[in-house]
Amino acid sequence: MAALDLSIKIAVIGAGAMGSGIAHVAARAGHTVYLYDMNAEAVARGKAGIEKDLRFLVGKGKLTEADFAATLARVVPSSRIEDLADAGLLIEAIVENLEIKQKLFRQLEELVAESAILATNTSSLSITAMGATFARPAQLAGLHFFNPAPRMALVEIVSGLATDPAIAATLYDTARAWGKVPVHATSTPGFIVNRVARPYYAEALRVLAERAATPATLDAILREACNFPMGPFELMDLIGHDVNYAVTRSVFDAYFGDKRFTPSLIQQELTL
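Just so it is clear: in the sequence shown, position 176 is 191 by the working numbering, and no numbers are missing.
Set out below in structure tokens:
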């Protein structure tokens with residue numbers, strides 16, 4: 016398969032940190048991108064964040080003024096879901112809740128062409144379960160970027176049981192064309208990265224619960240002695256404890272309460 020042609024419009028649903036970051040990536044690659052959110056203020060903040068990040072690249076000499084202006088112009092703000100009707104790839108980046116995502120995708124299926132690809136940026140939810148309410152589940156796949164999307168190279172291309180292999184291949188090639196490093200994954204709880212990462216966070220939280228070390232000490236040890244780019248607490252702060260806790264709960268529940276993935280009471284309290 017081949018990457019999506021630059022004439023194909025992209026829609027990103029959700030203008031938070033992840034959504035605006037994904038829109039940034041697609042716009043820099045050359046696509047027209049609808050940045051959609053029900054909240055018009057969120058859309059304005061999202062586009063302002065993209066502008067700030069692009070301006071930073073200009074200051075570093077990594078982007079010309081002409082490319083800055085052209086990239087920003089390709090980001091089309093929207094708070095009307097009808098505006099997304101001509102998009103060929105729609106990427107959902109909203110709250111990590113299966114029922115809410117399913118409701119959104121039912122709306123999108125009725126709105127867009129049958130050939131449109133529907134992608135979710137979910138961190139851990141089942142692609143198979145998400146597509147269970149679809150009329151065309153073959154068109155759905157996971158397209159999981161990591162935060163911050165403009166700087167993180169890895170993208171997981173996640174296939175559910177009904178995902179058309181051609182759709183997964185197109186997303187893989189498109190991610191490569193966007194300068195990313197894609198990997199194929201099957202829709203198992205947590206996919207690859209978030210499943211493997213659970214012990215990194217969990218053991219750090221257990222050490223903290225036992226008062227064996229402070230968060231700053233644990234972060235420093237894992238950075239300096241183990242060559243991790245960020246310590247576990249720094250990374251949880253970046254991701255957001257609400258998101259990280261939700262992923263842990265999702266993986267724990269999906270594996271029927273497997274003790275390896277037991278959530279932390281400390282992290283639960285941080286989300287209250």
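Think of the CB as a built atom: it goes at the ideal place given N, C-alpha and C, for glycine as much as any other residue.
If you compare alpha carbons, which of the options is closest to residue i?
i, options, result
"V258", "L287, G272, R238 and T232", "L287"
"I132", "L155, C241, S141 and L99", "L155"
"L169", "A147, N136 and G175", "N136"
"A38", "Y215, D20, M53 and V58", "V58"
"A269", "G246, L220, Q117 and P204", "P204"
"R264", "A108, A177, M245 and R210", "R210"
"A30", "G76, F71 and I96", "I96"
"K67", "Y49, A108 and A32", "A32"
"N54", "P244, E239, Q122 and I109", "I109"
"L50", "A88, D20 and L19", "A88"
"L280", "A228, I254 and L223", "L223"
"G157", "G146, A150 and F71", "G146"
Leaving out the 5 sequence neighbours to the left and right, which residues in its chain are closer than 8 Å to residue i when beta-carbon positions are compared?
i, result
"F267", "D273, F276, T277 and P278"
"L214", "It is Pro, not Leu, that sits at residue 214 in the sequence shown. Once the five neighbours on either side are set aside, the close Cβ partners of P214 are R275."
"V40", "F160, A164, P165, W193, G194 and K195"
Let's test the definition: count the other Cβ atoms within 10 Å of the Cβ of residue i and tell me whether it reaches 16, buried, or not, exposed.
i, result
"I115", "exposed"
"K62", "buried"
"S130", "exposed"
"P92", "buried"
"E80", "exposed"
"S174", "buried"
"K195", "buried"
"P152", "buried"
Looking only at its own chain, which residues have a Cβ that is under 7 Å from the Cβ of residue i, when we skip the five neighbours before and after it?
i, result
"Q256", "In the sequence as displayed, the identity of residue 256 is His instead of Gln. Counting only Cβ-Cβ distances below 7 Å, and skipping sequence neighbours, we find Q282, L285 and T286."
"T86", "A42, R43 and L69"
Using C-beta distances below 6 Å, list every residue in its chain close to residue i, excluding the 5 sequence neighbours before and after it, in chain order.
i, result
"F248", "P230 and D234"
"G36", "P163, A164 and P165"
"F83", "L69 and V73"
"G34", "V27 and A108"
For the putative contact between residue i and residue j, defined by C-beta atoms under 8 Å, what is the C-beta separation to the nearest angstrom?
i, j, result
"V78", "I25", "The question names Val, but residue 78 is Leu in the sequence shown. About 20 Å; that fails the 8 Å criterion."
"S138", "V262", "5 Å"
"S94", "T143", "That pair is no contact at about 31 Å."
"F185", "L19", "According to the sequence as given, residue 185 is Thr; it is not Phe. About 7 Å; that satisfies the 8 Å criterion."
Is any heavy atom in the ligand NAD found nearer than 8 Å to the beta carbon of residue i?
i, result
"T86", "The ligand NAD is absent from the structure shown, which contains no ligand whatsoever."
Review point. What are the complete beta strand (DSSP E) segments, minimum 3 residues, inside the segment 170 to 215?
Key: 196 to 201
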